[in-house]
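Using my numbering, the final residue of the sequence shown is 621, and nothing's skipped along the way.
Just below is one structure, and these are the notes that go with it.
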Amino acid sequence: MKIKNIKVELWIISICIFILMLNSIILFPKKVNSFFLNMIESELDSSTERNTELIYGKINETNTLLYGISTDIIDESNIKSEEVKKLLKTVGANFNFRAIGIVDTEGKLVSKIEFSQNNSDDEFYRILRFENEKDKNVSWSVYKDNVYSKIPIFDREKYIGILFCIFNFKEMFKNLDSIEREDTIYVYVINSEGKILIRSDNSEILFNDDNYYDWVKRTQNNGEKAIENFKKYFKNNDSKNMGYSINLLDRVIYFAPLNINDWYIVSMISKKELSQNINQMKKIANIYLGVIIASIVYFLSIIIYYMRKNHQYIKKQNKKLQISEETLMAAAEETSLIIYDYNIKKKKITFRNGRKIKSIFPEVIEDVPKSLFEKGILLEECRKETEDKFENITKGARAITSIFCLRNKNTNEKEWFRSTLSNIFNDKGEIEYTIGMMVDITKERKKELMFKNKSKRDSLTNLYNRESAVKIIEDILKKPRSKEYIHALMIMDFDNFKNINDTLGHIMGDKVLIDAADKLRKNLRKNDIIARLGGDEILIFLLNIENENNVMKVASQIVDKMRDFYEKDGKRLEISVSLGIAMFPTDGKRFIELYEKADKAMYKVKKSGRNGYYIYSSR
Numbered sequence: 003m004k005i006k007n008i009k010v011e012l013w014i015i016s017i018c019i020f021i022l023m024l025n026s027i028i029l030f031p032k033k034v035n036s037f038f039l040n041m042i043e044s045e046l047d048s049s050t051e052r053n054t055e056l057i058y059g060k061i062n063e064t065n066t067l068l069y070g071i072s073t074d075i076i077d078e079s080n081i082k083s084e085e086v087k088k089l090l091k092t093v094g095a096n097f098n099f100r101a102i103g104i105v106d107t108e109g110k111l112v113s114k115i116e117f118s119q120n121n122s123d124d125e126f127y128r129i130l131r132f133e134n135e136k137d138k139n140v141s142w143s144v145y146k147d148n149v150y151s152k153i154p155i156f157d158r159e160k161y162i163g164i165l166f167c168i169f170n171f172k173e174m175f176k177n178l179d180s181i182e183r184e185d186t187i188y189v190y191v192i193n194s195e196g197k198i199l200i201r202s203d204n205s206e207i208l209f210n211d212d213n214y215y216d217w218v219k220r221t222q223n224n225g226e227k228a229i230e231n232f233k234k235y236f237k238n239n240d241s242k243n244m245g246y247s248i249n250l251l252d253r254v255i256y257f258a259p260l261n262i263n264d265w266y267i268v269s270m271i272s273k274k275e276l277s278q279n280i281n282q283m284k285k286i287a288n289i290y291l292g293v294i295i296a297s298i299v300y301f302l303s304i305i306i307y308y309m310r311k312n313h314q315y316i317k318k319q320n321k322k323l324q325i326s327e328e329t330l331m332a333a334a335e336e337t338s339l340i341i342y343d344y345n346i347k348k349k350k351i352t353f354r355n356g357r358k359i360k361s362i363f364p365e366v367i368e369d370v371p372k373s374l375f376e377k378g379i380l381l382e383e384c385r386k387e388t389e390d391k392f393e394n395i396t397k398g399a400r401a402i403t404s405i406f407c408l409r410n411k412n413t414n415e416k417e418w419f420r421s422t423l424s425n426i427f428n429d430k431g432e433i434e435y436t437i438g439m440m441v442d443i444t445k446e447r448k449k450e451l452m453f454k455n456k457s458k459r460d461s462l463t464n465l466y467n468r469e470s471a472v473k474i475i476e477d478i479l480k481k482p483r484s485k486e487y488i489h490a491l492m493i494m495d496f497d498n499f500k501n502i503n504d505t506l507g508h509i510m511g512d513k514v515l516i517d518a519a520d521k522l523r524k525n526l527r528k529n530d531i532i533a534r535l536g537g538d539e540i541l542i543f544l545l546n547i548e549n550e551n552n553v554m555k556v557a558s559q560i561v562d563k564m565r566d567f568y569e570k571d572g573k574r575l576e577i578s579v580s581l582g583i584a585m586f587p588t589d590g591k592r593f594i595e596l597y598e599k600a601d602k603a604m605y606k607v608k609k610s611g612r613n614g615y616y617i618y619s620s621r
C-alpha cells in the first residue's frame with residue numbers, strides 16, 4: 003500500500019513539472035519582452051527626470067545670479083555706470099549668455115552687452131516691462147529665437163528698471179543626458195509650437211530640423227494627427243509614451259512637461275536596436291530556463307528518494323527522543339527541576355513530575371493565570387509580571403522567563419521559583435505545544451535579599467545608612483499626606499563623644515552607638531525611620547504624628563533613655579545627647595530643608611548646655 007502511494011506521488015510530481023515547463027516555455031518569452039519594454043520605458047522616464055533636474059538647476063543658478071546682480075545696482079545714478087557695464091560683461095561671458103542688459107521702466111534700452119547674434123529689438127525691450135507690481139519677480143519666456151530671463155531692479159523700494167539676459171541654450175545645456183547608450187537615445191526640449199529649444203549632442207544624427215512638428219510631418223503618414231495629439235497633451239500638461247515609424251525604424255517616444263512656460267522634454271529610443279538586445283537576452287534566458295528545469299527534476303528525484311530513507315530515520319529518532327524524555331523525567335525527580343505542560347487554548351497547566359510541587363500546587367491547574375491568585379497559590383506581589391508573561395507566550399513569544407513568589411502552606415514561609423515557558427512551533431509557524439520548567443531558587447533569593455538589605459544598613463548599628471535613609475524619606479515626602487498628621491525629622495548627636503573614644507577607647511565608643519541603636523528600636527514605632535548618618539550623628543524620622551506636643555513627648559523620652567554612664571579601667575563618663583527637630587510641612591517640604599533646620603536646632607541645644615532637645619523656629 004505504501005509503494006502504491008509513493009507511485010501516485012511520483013506521478014503527481016511529474017505532471018506538475020510538465021505543467022511548469024509548458025507554462026515557462028509559453029509565458030517566459032512574453033514576460034522577458036514585457037520586462038525589457040518596461041525597463042526601457044523606465045529608462046526613458048529616468049532620463050527625462052535627470053534632464054529636467056539639469057535644466058531646473060541651470061534655471062535656479064541663473065535666477066540666483068540675476069538676483070545677486072540686481073542687488074548690486076542700488077540706485078538710478080549707477081544704472082548706466084561703467085562699473086555696471088563691466089559687471090554685466092564679466093557675468094555674461096562666464097555664463098554663456100547671448101546678451102545681457104538693462105532697460106528702464108518704460109522699456110527703453112539703458113545698456114546692453116552682446117556676445118553672439120540675437121534677435122533683440124525695440125519690441126523685445128518693451129515686452130520686458132512688468133505689467134503690474136505682482137509680476138515683479140524673476141521670470142522666463144521666449145521672444146522670436148531668444149530665450150530670456152528678467153528681474154526687476156529696485157532703488158530701496160522704488161522700481162527703477164529691469165535686468166535681462168538672453169541665453170545661449172545650446173552651450174548651456176550641451177551636457178543633456180543622452181545616457182550614452184550607443185547613441186540610441188535622443189533628447190529634445192520643445193515648446194507648444196514644436197520649436198526645438200535644446201537638443202542633445204547626438205540628436206542631429208536623427209534629424210536637424212529646427213521644428214519638431216516639421217520633422218513629424220515629413221516622416222509620418224499620419225503626421226497631422228500625431229501633431230494634434232501632441233498639442234492636446236501639451237494643453238492638458240500630460241505625459242505620454244507614443245510609438246512612431248520613422249525611416250523604417252520603430253522608435254519609442256516619451257515626452258513630459260517641464261513646467262517652464264509651455265516647454266516639454268522629449269526622449270526617443272529605437273525599438274529595432276532594443277529588439278536585438280531583447281532577442282539575445284531571450285536566448286540566454288531560455289538556456290538558463292532549461293538548466294533550471296533540469297535541475298528541478300534532478301533535485302526532486304533526490305528528494306523523493308531521501309524522503310523514503312528519512313521515514314525510517316524519523317522513527318528511530320522518535321524512539322530515541324522517547325527514551326531521552328523518560329531519562330529526563332527520572333533525573334528531574336531526583337533534582338529540584340519541575341516540568342509541566344501549558345495548554346494555551348484551555349489555559350491549563352499539567353505537571354509532569356515534582357514531588358515537592360505536589361505539596362504546593364495541584365497536579366492540574368485550570369484557568370491560568372487568573373486562578374493562581376484567586377486560589378492563593380501565588381502572592382499578589384508577582385501578579386502583574388505573571389500575567390504579562392502568560393500574555394506574551396499566548397501571543398507567540400518563543401520563550402519567556404519569570405520569577406514568582408508563593409507562600410508554602412505547610413511552612414508558612416515564602417518560596418521563590420524561576421519558571422521558563424517555551425513555545426514549540428510546527429512547520430507553518432503555528433504553536434504546536436508549550437512546555438515549562440521550574441527551579442526552586444528560594445535559597446538564592448534569600449541570600450540576594452539579605453545582601454540587598456545589608457547594602458542599605460550601617461554595618462555597626464544595623465540602622466539604615468545615610469543613602470538609603472535619604473531615599474526612603476524623600477519618597478515619603480513626595481506621597482500624598484493626610485492633613486490631620488505631620489512628620490518630624492530629628493538629628494541626634496552625642497555630647498562630648500570624642501571624650502568617650504579618647505578616654506575609654508574606640509571599642510567603648512562603638513558600644514555606645516550600638517546600645518543607642520537598640521534603645522531607639524525598642525522605644526520607637528516600627529514604621530519610624532532610624533539611620534546612622536555617620537560618626538555619632540543619628541537621624542530619626544517620625545511618621546504621621548498628630549501634633550507637636552506628641553513630638554516633644556517622644557523627644558523627651560529619647561533624651562532620657564540616651565542618658566547613661568559608661569566606665570572602663572576605673573574611668574567613668576556620663577553619656578547624653580542633643581536633639582534638633584524640624585517639622586514637616588511647616589519647616590520644609592524637602593529632605594535637605596528639614597535636615598538643615600533640624601541641624602541648626604541641634605546646635606542651639608549644644609550651645610545651651612547640651613542634654614536636651616529643641617524644635618526649630620525661624621524667630
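Glycine is no exception: its CB is placed at the ideal position from the N, C-alpha and C atoms.
Given the structure is predicted, the values throughout are model-derived calculations rather than measurements.
Reference R420; option with closest CA among I426, R100, S404 | Comparing Cα positions, the closest option is S404.
Quick one: measure Cβ to Cβ for S202 and V189, integer angstroms, because I've assumed they're closer than 8 Å.
-> 4 Å
Reducing DSSP to helix, strand and coil, say where F427 ends up.
-> strand
Cα-Cα, which of S578, V441, N464 is closest to I502?
-> S578
Could you say which of K528, F586, E450, Y266 lies nearest to I617 if we only look at CA atoms?
-> F586
Helix, strand or coil: how does DSSP classify S180 here?
-> Only weak support is given to the placement of S180: the predicted model assigns it a pLDDT of 44, under 50, and the value that follows is read from those uncertain coordinates. Correct three-state label for S180: coil.
What residue does the beta strand (DSSP E) around T352 start on, and which one ends it?
-> 350–353
Under the three-state DSSP convention, the category D442 falls into | strand
What separation, rounded to the nearest whole angstrom, lies between the Cα atoms of K88 and K233?
-> 44 Å
Flag this pair as yes or no: are the beta carbons of F543 and L465 separated by less than 8 Å?
-> no
Compare the Cα-Cα distances from L535 to each of N467, I426, K348 and report the closest residue.
-> The closest CA to that of L535, considering only N467, I426, K348, is found on N467.
Go ahead and pull the three-state DSSP assignment for I248.
-> Residue confidence for I248 is low, a pLDDT of 44 falling below 50, so the modelled location carries little weight and cannot support an answer.
Please look up how many angstroms separate the CB atoms of N170 and S118, rounded, as I've assumed it's under 8 Å.
-> 6 Å
Distance between K372 and E393 (C-alpha atoms, nearest Å) | Cα to Cα, E393 sits roughly 12 Å from K372.
Count the other CB atoms within 10 Å of the CB of K480; is the residue buried (16 or more) or exposed (fewer)?
-> exposed
K160: first and last residue of the uninterrupted alpha helix (DSSP H) it sits in = First-last for K160: 160–169, but that is the beta strand (DSSP E), not the alpha helix (DSSP H).
Which residue comes first and which comes last in the beta strand (DSSP E) that contains D601?
-> From DSSP, D601 is part of no beta strand (DSSP E) but of the alpha helix (DSSP H) over 593–609.
Should P154 be labelled buried (16 or more other beta-carbon atoms within 10 Å of its own) or exposed?
-> buried
Inter-residue Cα distance where the pair is D2 and D124 | Summary: the structure shown does not reach residue 2, with the chain confined to residues 3 through 621, and so no result is reported for it.
Spell out the partners DSSP gives V105 in its beta bridges.
-> L111, I164
Look at Y701 and F236 and say whether their C-beta atoms are less than 8 Å apart.
-> Nothing can be reported for residue 701, as the shown portion of the chain is limited to 3 through 621.
Buried or exposed for S484, please, with buried defined as at least 16 other CB atoms from any protein chain shown within 10 angstroms of its CB.
-> exposed
In DSSP terms, what E569 is bridged to | R574
E417 classed as buried or exposed, judged by whether at least 16 other C-beta atoms fall within 10 angstroms = buried
Does the region 542–559 touch the region 526–534, meaning 3 or more C-beta pairs lie closer than 8 Å?
-> yes
Classify G103 as buried or exposed, calling it buried when 16 or more other Cβ atoms lie within 10 Å of its own Cβ.
-> G103 should be labelled buried.
If you count every other CB in all the chains shown that lies within 10 Å of the CB of V366, and 16 or more means buried, which is it?
-> Per the 10 Å Cβ criterion, exposed.
Among N223, L90, A95, which has the Cα closest to the Cα of V112?
-> L90
In whole angstroms, what is the alpha-carbon distance linking A519 and E382?
-> When rounded, the distance between both Cα atoms is 34 Å.
Alpha carbon to alpha carbon, how far is E55 from V191? Give it in angstroms, no decimals.
-> 13 Å
E368 to N345, Cα distance in whole Å?
-> 10 Å
Beta-bridge pairing of W418 - partner residues as DSSP gives them = C407
Quick one, are the C-beta atoms of I516 and T444 less than 8 Å apart?
-> no
Completely contained beta strand (DSSP E) runs for the region 44–105, where each covers 3 or more residues | 99–105
Going straight from the alpha carbon of I560 to that of L522, what length do you get?
-> 7 Å
Out of V370, D562, A603, state which residue places its alpha-carbon closest to the alpha-carbon of K348.
-> V370
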